[in-house]
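For reference, the structure is listed below as structure tokens.
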Amino acid sequence: NEISKLYGLGIVKSFKLFSDGWVNYNYDLKTDRGNYVIRLLGKKSGRDKRKIVDMEFGILDYLSKIDFPYMVPNPIRDSKGKILIKLNGKKIWIYERLPGNSKDPFASGKKFLVETAKALAIYHKFIINYDGKRVKQPNFLKGLNEEYIKMSRIKPINKCDKLMLDNLGMFRSLLEKV
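First residue of the sequence shown: -5, per this note's numbering; consecutive thereafter.
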């Protein structure tokens, strides 16, 4: 009810958690004015996450203004004009629910997987011309190399340690190629 009031969405009829989702928590909100999705951002929410979210909002705005052939979830602004708000320690944003149902592309058969790949290819074709904010990806490989250094100092006490040490050089050389 508080979220609906902050965003001016009307009287709440129902509210439930979507069962799928890997990073964020998504809720289905139905009001007397429409159907919405409330997205609670996942736990890892720092400065870099904020940059990624800002870029995501910019991309969504960009796609909604061009001839992108798919519907785009446009963020709704609250009564103060903000897209992303913090409520009870949780960062949230809301958009009108798009028609249709989500499906697991890997469990839905080859045809659905092909359609998903096609949609992703079309997305990349359109997004290549996006000139807004971009986020530099953090160097995850640097951290991995540091882990390999720690692993190389382990004194083997069991078969797993010995196997890891026997193969560590191969993994480090692959990392260097990447």
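A virtual CB, placed ideally from N, CA and C, is assigned to each residue, including glycine.
What is the rounded straight-line gap between the Cα of LYS112 and the Cα of VAL31? Looking up residue 112 in the sequence shown gives position 118. Looking up residue 31 in the sequence shown gives position 37. Near 25 Å, if we compare the C-alpha coordinates of VAL31 and LYS112.
Along the chain, where does the beta strand (DSSP E) that runs through ASP22 open and close? Within the sequence shown, the letter at position 28 stands for residue 22. ASP22 -> beta strand (DSSP E) spans 19 to 25.
Could you compute how far the alpha carbon of MET145 sits from the alpha carbon of ASP155? Taking the sequence shown and counting its residues from 1, the one referred to as residue 145 is at position 151. Taking the sequence shown and counting its residues from 1, the one referred to as residue 155 is at position 161. Taking the straight line joining both Cα atoms gives about 9 Å.
Using only alpha-carbon positions, find the residue among LYS45, ILE151, ILE116 that is nearest to LEU57. Working through the sequence shown from its first residue, we reach residue 57 at position 63. Nearest option by C-alpha distance: ILE116.
7 Å Cβ shell around LEU54 - same chain, five flanking residues per side excluded: Here residue 54 refers to the residue found at position 60 when the sequence shown is read from its first residue. So the qualifying residues of the chain are VAL66, PRO67, ASN68, PRO69.
Under a CB-based cut-off of 9 Å, is ARG166 close to chain C? You won't find chain C in this structure, because it holds only one protein chain.
Tell me whether the beta-carbon of ARG71 lies closer than 9 Å to the beta-carbon of TYR1. Locating residue 71 in the sequence shown gives position 77, counting from the first residue. Locating residue 1 in the sequence shown gives position 7, counting from the first residue. Yes, they are a contact pair.
Give a yes or no on whether the C-beta atoms belonging to LYS85 and LEU23 are separated by under 9 Å. One-based indexing of the sequence shown puts residue 85 at position 91. One-based indexing of the sequence shown puts residue 23 at position 29. Cβ distance not < 9 Å, so LYS85 and LEU23 don't count as in contact.
Can the beta-carbon of THR25 be found closer than 9 Å to that of ILE46? Residue mapping note: residue 25 aligns to position 31 of the sequence shown, counting from 1. Residue mapping note: residue 46 aligns to position 52 of the sequence shown, counting from 1. No, Cβ-Cβ distance for THR25 and ILE46 is not below 9 Å.
Range covered by the alpha helix (DSSP H) that runs through ASN29: Residue mapping note: residue 29 aligns to position 35 of the sequence shown, counting from 1. It is not in any alpha helix (DSSP H) - ASN29 instead sits in the beta strand (DSSP E) that spans 28 to 34.
Per-residue burial, ILE121 [other beta carbons within 10 Å of its own, 16 or more giving buried]: The count along the sequence shown starts at 1 and reaches residue 121 at position 127. Under this definition ILE121 is an exposed residue.
Alpha carbon to alpha carbon, how far is LYS126 from PHE51? Taking the sequence shown and counting its residues from 1, the one referred to as residue 126 is at position 132. Taking the sequence shown and counting its residues from 1, the one referred to as residue 51 is at position 57. Contrary to the premise, residue 126 reads as Gly rather than Lys in this sequence. Taking the straight line joining both Cα atoms gives about 10 Å.
In terms of residue numbering, what span does the beta strand (DSSP E) encompassing LEU81 cover? Taking the sequence shown and counting its residues from 1, one reaches residue 81 at position 87. First-last of the beta strand (DSSP E) with LEU81: 79 to 81.
My assumption, with CB atoms under 8 Å, is that ASN(-3) sits in contact with LEU78. Please give the rounded CB distance. The sequence position of residue -3 within the sequence shown is 3, counting from 1. The sequence position of residue 78 within the sequence shown is 84, counting from 1. Note that residue -3 is Ile in the sequence shown, not Asn. About 13 Å separates the two Cβ atoms, so there is no contact after all.
Look up TYR64 in the DSSP assignment and say whether it is helix, strand or coil. In the sequence shown, the residue the question calls residue 64 occupies position 70. Residue state, collapsed to three classes: coil.
Can you tell me which of GLY28, VAL17, ASN18 puts its alpha carbon nearest to the alpha carbon of SER8? Against the sequence shown, residue 8 aligns to sequence position 14. Looking at the Cα atoms, GLY28 is the closest of the given residues.
Can you tell me the Cα-Cα spacing of LEU168 and ILE88, whole angstroms? Along the sequence shown, one-based indexing puts residue 168 at 174. Along the sequence shown, one-based indexing puts residue 88 at 94. Spanning the two alpha carbons is a distance of roughly 42 Å.
Local conformation of SER(-2) per DSSP, three classes: For the purposes of this step, residue -2 is identified with residue 4 of the sequence shown, where counting begins at 1. Three-state DSSP puts SER(-2) in a helix.
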